[in-house]
Amino acid sequence: MVKVNYDAVTGEILGFYPDFVQYESIPEPHIEIDEAAWQDCTDNPGRRRVDLAALKIVEYTPEPETQIITPPVDEEKADLWEAILALTEKIETLEGGKA
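So, in structure tokens, the structure goes:
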């Protein structure tokens, strides 16, 4: 058997404590599961939680991470914009030091 320490609010698994190892103490809260369930948890990291009502291991699907997609940069257009900005600064300077 294996004791599973979990977060009391989210059910997130925080640690495993197999009974073949001696521990001074095992953090609370924890439940006890068999070795097959323990293997399933280790085979699916982050995809198992403790159901707080049933106190059993259940499948969990994490929220997908937000992905920021940056469009490809057209180097020719980027160079053109840099040149336009440089010329704009020069014009502003010539027109009265507005840079």
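Per numbering that gives the first Met the number 0, the sequence shown starts with residue 0, numbered consecutively. Beta carbons are placed, not taken as given, at the ideal position from N, Cα and C, and that holds for glycine.
- request: Answer with buried or exposed for Thr9, where buried requires no fewer than 16 other C-beta atoms within 10 angstroms of its C-beta.
  value: exposed
- request: Specify, as a first and last residue, the run of the beta strand (DSSP E) that Ile32 falls within.
  value: His29 to Ile32
- prompt: Looking only at C-alpha atoms, which of Val3, Pro28, Ile90 and Ala82 sits nearest to Ala36?
  reply: Val3
query: Where does Glu94 fall in DSSP's three states?
result: coil
message: I believe Glu62 touches Arg47 by the beta-carbon criterion, under 8 Å. Please report the beta-carbon distance rounded to the nearest angstrom.
response: Contact flag wrong, Cβ pair sits at about 15 Å.
field: Boundaries of the beta strand (DSSP E) in which Phe15 is found, first to last residue
entry: Ile12 to Pro17
query: Do you know offhand how far Pro71's Cα is from Ala82's?
result: 20 Å
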